[in-house]
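Here the structure comes first, spelled out in structure tokens, and everything after it is commentary.
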Amino acid sequence: MPRHSTPLTEEKLSVKGSLTPFLEENVISAKDIPKLEEWLTFSGEGEYNHIEFIRTIDMLQEDFHIPDEIIVGKLHFLFTRTAKKWYYKMRKDHGKHDWCWWKSEMITK
0 MPRHSTPLTE EKLSVKGSLT PFLEENVISA KDIPKLEEWL TFSGEGEYNH
50 IEFIRTIDML QEDFHIPDEI IVGKLHFLFT RTAKKWYYKM RKDHGKHDWC
100 WWKSEMITK
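Numbering that gives the first Met the number 0 puts the last residue of the sequence shown at 108; the count rises by one with no breaks.
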């Protein structure tokens, strides 16, 4: 059985009710998601490829059924150097947004 379709356990069920509707329907465990160090980072410097970064995150989200809340929560760690400064400024100026909004902002930047 694929890792993202493991049966629900009591441990997973205990968090039900405290999650968003998407998470309640698609309960995932942190161990099912690749570790942060396995994710591609993005510096926004030199000959960077933001499209590759976006596609990688999109594929991880699709393959592991990762909700936006988790993707957006990892951006602080995935952006480095210039991109992290940009992220902090955008977050301060515009607040919290979903992954689709961040992708759009990266493309227009």
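Each residue gets a CB set at the ideal place from its N, CA and C atoms; glycine is no exception.
Where does the unbroken alpha helix (DSSP H) through residue 47 begin, and where does it stop?
Here residue 47 belongs to no alpha helix (DSSP H), and DSSP marks it neither H nor E.
Can the beta-carbon of residue 53 be found closer than 8 Å to that of residue 60?
no
One question on the structure: do residue 40 and residue 79 come within less than 8 Å of each other, judged by their Cβ atoms?
yes
In terms of alpha-carbon separation, which member of 103, 102, 85 and 99 lies closest to residue 44?
85
Could you give the distance in angstroms between the alpha-carbon of residue 76 and the alpha-carbon of residue 49?
16 Å
Does the beta-carbon distance from residue 63 to residue 31 come in below 8 Å?
yes
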